[in-house]
Amino acid sequence: MGSTTSSTSTDATKTGTNTADGSGKITFSFTRRTHHVHLSGLDVEVATTQARTMVALGLASRWRAYGGSYGTPMVSYGDGLCFIDGLIKHGSWGHLATLPAQCRPSKRLIFNLNNNAKTSRVDIETHGKISFITGGRDHSWISLSG
């Protein structure tokens, strides 16, 4: 659903909860230990009458699908939105994947993604390159879902 972090650590929000009700109201509850909270990357899927297209994400640098119940990394797009979903493993940190042309942003985007107990900064550039920039990489995998 997105992430909440502080500038020094994730301790500020790691015990928090979030809920969404039927009207679309989203509530976050946590003890704030810093002067700011980032809600970047928050997305909520809504009902649509248009079909979404789903394609496998083009992985780079020897990254491959984690497999099992995590499935294949995918990109779905439609209604002007793109969603990336999946868990990848055993590649070289740096260039992770490349988005299809239909999903390339008009400006560089920065995301916090999960690497077990740590977060990782991952950027998406205007030409579709998805890159690990810094942060947690203690494990051989990274989540592209958040």
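When we follow the numbering used here, the leftmost residue of the sequence shown carries the number 471, and every step to the right adds one. We put the CB at the ideal spot given by N, CA and C, even for glycine.
**OP:** Locate the beta strand (DSSP E) running through Ser590, then write down its first and last residues.
**Re:** 588-594
**OP:** Pick helix, strand or coil for Tyr540, following the three-state DSSP scheme.
**Re:** helix
**OP:** Report the partner residues of Ser615 according to the DSSP bridge assignment.
**Re:** For Ser615, which the question treats as bridged, DSSP gives no partner whatsoever.
Original post:
Does DSSP classify Ala571 as helix, strand or coil?
Top reply: helix
Original post:
Are Ile612 and Leu569 touching if we call contact CB-CB under 7 Å?
Top reply: no
**OP:** Could you check what DSSP says for Lys577 in three-state terms: helix, strand or coil?
**Re:** coil
**OP:** Please determine if the segment 529-544 and the segment 561-577 are in contact, where contact requires at least 3 C-beta pairs separated by less than 8 Å.
**Re:** Contact between the segment 529-544 and the segment 561-577 is established, with three or more Cβ pairs separated by less than 8 Å.
Original post:
So is Val545 buried or exposed if we call it buried at 16+ other beta carbons inside 10 Å?
Top reply: buried
Original post:
Closest by CA to Gly556, which one among Gly605, Val525, Glu595, Lys599?
Top reply: Val525
**OP:** Grab the span of the beta strand (DSSP E) containing Lys495 for me, first residue to last.
**Re:** That residue, Lys495, is in no beta strand (DSSP E); it is neither H nor E in DSSP.
Original post:
Exposed or buried, Ile580, counting other C-beta atoms within 10 Å across all chains shown (16 or more means buried)?
Top reply: exposed
Original post:
What do you get for Leu614, buried or exposed, if any count of 16 or more other CB atoms within 10 angstroms of its CB means buried?
Top reply: A residue is called buried when at least 16 other Cβ atoms come within 10 angstroms of its Cβ; Leu614 meets this threshold and is buried.
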